[in-house]
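A short write-up of the structure that comes next.
Residue numbers (the working numbering), protein chains in the order written: chain V, 1 to 401; chain H, 402 to 802.
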């Protein structure tokens, strides 16, 4: 039986506790993944304010989408008593992940050295914008800036237009994914006895640069920047977006000669395959305008959906250009149930994207719906040994919320 | 001492062996990361052909950039004897990662069930385009198609232009990163005795959709697609690219009111901060044209580099728009030594991007330079018990190369 058909079972991080002092996207996406995999994630937020993304519109959807499977505790980390609570939590944790400004965690007595003294086995992960002790240490990192400085923007846009921003927040996502993978690697190493504890730094900028991969290979090999391709692949053809009879766009991705042959059959223009203007990929690139015109003329009789179905029947890579609303109606996305809702007492449901990986024996979960600021403050304090009287006093003094 | 300053030490995957039956980007990027972390990675390639990316121009730079730390063995998997070699390798491995077409690995007797019978502890990871047993199972996945279908293209481009391709191969990268993280999670679970072995499926399409994160949150909350932003952030201002005196572009990312105040000081236009057209972020978005004009006029006296230095001194997020050549000359990128070269006997050096994460006790390595097709065939066969006579016969019959 195939993984996708099986219900999930064992949670790989079921014995792991994560203290999470991150906000907005990079850190929260990583800590959500730990929660999906079964970890207990305690999200520390500032009293009276919370994760900055709680106030980014549309609220709370913006916050909700990366904050399931976490328990929210609101603390005043500027106060000694608030710091004492955070340190008590960290003293029993496996992982501490933070994305505060350089020096901030240390000023809260929550730097790596502070936590290691309490808990030598801690795996402490700092998600930074630019690395510590670097020329840009104090420059706040925003996704567009990381995309610009790493080269991502330079290869995005129309060939004759300016570099544009990729709507996918690649800078944040890179840091999130590397934070997740490096903490997992450290947990594995610790479990094997290779290390006692660990300090990890994941800078957004370095992560984005590592993602250049083949695009960097292009420049290493040619000495030229990777070009902006707009809607056409720079080295394959036909490969890009094409207009159909209804004016709708579809993508056809003919990356090999054999797919080109299949495409000619699918669009009922076998003569194009024998046309000497289109014999090799070099010919097709050279005569791209004529090629696009011939294909769009062949696409005239049907709308995009009908063509996609037909192209799929010929195993030609093709598909619609979904937007961030229509994607959820796609037949595949529906079948895989990638969009999920989690119910909440007395609040509207929260919309979610399910974890995308399928395991056979392991699993992931959607268990704790995104919480309001401080929703688990009392529960957590009690579990960590605070009495009702102490909790009352801390709340009265605005140390907790 | 901070992680970035320390030499690396223990390799987290030093006892792990990975059999790698993947090509081009998604699978090879994942298996390279295992190699960086210390795993022994045996890359199985087709005799006479090898990884398809060996022939993509510029060769070999395109291939090299994601294929360090691997030993190449060339096998004819269509032959029973070639399959027997692969099965012997898999029988002693920890991880088997493949990205073959649906049904192909099974036709080679290298499907999950085949390998599990030989080696019940195997962690078997299938990187697919679209998930198995799905409506698009047989549709070949290409990065642009995944970007189009997942919504990534729809939010990339100029507001009044068509959706364009993000030059960053996000579709492949998503699958690579989830393959890496899920194999690490499975290794950790296996080490703890939670599972015996595992089968993991990572579809590119599902991975890309999970990356929509906050962009999906926007649509969940508003019912509207996330817009194409071109070179301007849709909900913050001033935030985007600006022209300086020399005609050069820079990015200024003023994401908060306090950064806006700092920016006005840095560009010596404190009066802009008091201008009622620019009081709140809503005002600045409404009067964006006037805002951009005022800022670009203030930027006139200096070139982009000089402005970036000055803006950094005021802690205003700003930076250049690097291309995939100029990024390597950046002061930070130089300091962090993100570009590396590996020497090869009798061949040109290979250019690399170093692993971006810094550990304190753990480390990553750059050890085996990217190999030629079958460069380790003999070594591997010998290690796995084949005699010189057997190796000679297999080579003569074109089972190995």
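Note that CB positions come from ideal geometry on N, CA and C, so glycine has one too.
Quantities reported herein were computed from a predicted structural model and do not represent experimental measurements.
What are the start and end residues of the alpha helix (DSSP H) that includes residue i?
{"i": "residue 307 of chain V", "result": "304-313"}
{"i": "residue 46 of chain V", "result": "Taken as a continuous stretch (DSSP letters only), residue 46 of chain V belongs to no alpha helix (DSSP H), being part of the beta strand (DSSP E) at 40-46."}
{"i": "residue 732 of chain H", "result": "732-736"}
{"i": "residue 32 of chain V", "result": "26-36"}
{"i": "residue 525 of chain H", "result": "From DSSP, residue 525 of chain H is part of no alpha helix (DSSP H) but of the beta strand (DSSP E) over 524-529."}
{"i": "residue 515 of chain H", "result": "513-519"}
{"i": "residue 792 of chain H", "result": "789-797"}
{"i": "residue 622 of chain H", "result": "614-623"}
{"i": "residue 318 of chain V", "result": "No alpha helix (DSSP H) contains residue 318 of chain V, which is instead part of the beta strand (DSSP E) from 318-320."}
{"i": "residue 383 of chain V", "result": "377-383"}
{"i": "residue 83 of chain V", "result": "80-91"}
For residue i versus residue j, is the C-beta spacing smaller than 7 Å?
{"i": "residue 599 of chain H", "j": "residue 362 of chain V", "result": "yes"}
{"i": "residue 124 of chain V", "j": "residue 112 of chain V", "result": "yes"}
{"i": "residue 83 of chain V", "j": "residue 89 of chain V", "result": "no"}
{"i": "residue 544 of chain H", "j": "residue 572 of chain H", "result": "yes"}
{"i": "residue 642 of chain H", "j": "residue 655 of chain H", "result": "no"}
{"i": "residue 674 of chain H", "j": "residue 659 of chain H", "result": "no"}
{"i": "residue 528 of chain H", "j": "residue 500 of chain H", "result": "yes"}
{"i": "residue 799 of chain H", "j": "residue 565 of chain H", "result": "no"}
{"i": "residue 354 of chain V", "j": "residue 338 of chain V", "result": "yes"}
{"i": "residue 301 of chain V", "j": "residue 245 of chain V", "result": "yes"}
{"i": "residue 18 of chain V", "j": "residue 41 of chain V", "result": "yes"}
{"i": "residue 779 of chain H", "j": "residue 792 of chain H", "result": "yes"}
{"i": "residue 757 of chain H", "j": "residue 140 of chain V", "result": "no"}
{"i": "residue 44 of chain V", "j": "residue 86 of chain V", "result": "yes"}
{"i": "residue 722 of chain H", "j": "residue 639 of chain H", "result": "no"}
{"i": "residue 208 of chain V", "j": "residue 150 of chain V", "result": "yes"}
{"i": "residue 181 of chain V", "j": "residue 582 of chain H", "result": "yes"}
{"i": "residue 373 of chain V", "j": "residue 307 of chain V", "result": "no"}
{"i": "residue 234 of chain V", "j": "residue 227 of chain V", "result": "yes"}
Kindly say whether residue i, judged by its beta-carbon, lies nearer than 7 Å to any beta-carbon of chain B.
{"i": "residue 582 of chain H", "result": "Absence of chain B from the displayed structure is noted, the protein chains being V and H."}
For residue i, count neighbouring C-beta atoms within 10 Å of its own C-beta (all shown protein chains included) and say buried if the count is 16 or more, exposed if not.
{"i": "residue 802 of chain H", "result": "buried"}
{"i": "residue 50 of chain V", "result": "buried"}
{"i": "residue 7 of chain V", "result": "At residue 7 of chain V the pLDDT is 48, less than 50, meaning the model places this residue with poor confidence; the figure from the coordinates comes in the next sentence. That one is exposed."}
{"i": "residue 750 of chain H", "result": "exposed"}
{"i": "residue 406 of chain H", "result": "Reliability of the predicted coordinates at residue 406 of chain H is poor, the pLDDT of 47 falling under 50, and the value obtained from them is presented with this limitation in mind. With fewer than 16 Cβ atoms within 10 Å of its Cβ, residue 406 of chain H is classed as exposed."}
{"i": "residue 33 of chain V", "result": "buried"}
{"i": "residue 323 of chain V", "result": "buried"}
{"i": "residue 375 of chain V", "result": "buried"}
{"i": "residue 101 of chain V", "result": "exposed"}
{"i": "residue 1 of chain V", "result": "With a pLDDT of 44 at residue 1 of chain V, under the threshold of 50, the predicted position of this residue should be treated as unreliable, and no value is reported."}
{"i": "residue 720 of chain H", "result": "buried"}
{"i": "residue 431 of chain H", "result": "buried"}
{"i": "residue 530 of chain H", "result": "buried"}
{"i": "residue 28 of chain V", "result": "buried"}
{"i": "residue 731 of chain H", "result": "buried"}
{"i": "residue 38 of chain V", "result": "buried"}
{"i": "residue 270 of chain V", "result": "exposed"}
{"i": "residue 116 of chain V", "result": "buried"}
Mind checking which residues open and close the beta strand (DSSP E) that includes residue i?
{"i": "residue 672 of chain H", "result": "Looking at the DSSP string, residue 672 of chain H is not in any beta strand (DSSP E); the run it does join, the alpha helix (DSSP H), is 671-675."}
{"i": "residue 242 of chain V", "result": "239-243"}
{"i": "residue 498 of chain H", "result": "496-499"}
{"i": "residue 144 of chain V", "result": "Per DSSP, residue 144 of chain V belongs to no beta strand (DSSP E); it is in the alpha helix (DSSP H), 143-150."}
{"i": "residue 743 of chain H", "result": "740-745"}
{"i": "residue 75 of chain V", "result": "71-75"}
{"i": "residue 418 of chain H", "result": "418-422"}
{"i": "residue 752 of chain H", "result": "748-754"}
{"i": "residue 202 of chain V", "result": "198-203"}
So does residue i have its beta carbon nearer than 6 Å to some heavy atom of the ligand GDP?
{"i": "residue 597 of chain H", "result": "As presented, the structure is devoid of all ligands, the ligand GDP included, so that no description of it is given."}
Quiz item: Okay, do the segment 613-625 of chain H and the segment 591-604 of chain H touch, 3+ Cβ pairs below 8 Å being the bar?
Solution: no
Self-check item: Inter-stretch contact at 8 Å, needing at least 3 Cβ pairs: the segment 421-432 of chain H / the segment 64-80 of chain V
Solution: no
Quiz item: For the 8 Å Cβ check, are there 3 or more pairs between the segment 575-594 of chain H and the segment 272-287 of chain V?
Solution: no
Quiz item: Given 8 Å as the limit, is there contact between the segment 454-464 of chain H and the segment 490-502 of chain H, that is, 3 or more CB pairs closer than that?
Solution: no
Exercise. Specify whether the segment 150-163 of chain V and the segment 556-563 of chain H touch according to this definition: at least 3 beta carbon pairs, one from each stretch, less than 8 Å apart.
Key: yes
Quiz item: What residue ranges within the segment 558-594 of chain H form continuous beta strand (DSSP E) runs of no fewer than 3 residues, ordered along the chain?
Solution: none
Exercise. Count the C-beta pairs between the segment 736-750 of chain H and the segment 764-773 of chain H that are closer than 8 Å, then say yes if the count reaches three, no if not.
Key: yes
Self-check item: Runs of beta strand (DSSP E) wholly within the segment 246-300 of chain V (minimum 3 residues, chain order)
Solution: 249-253
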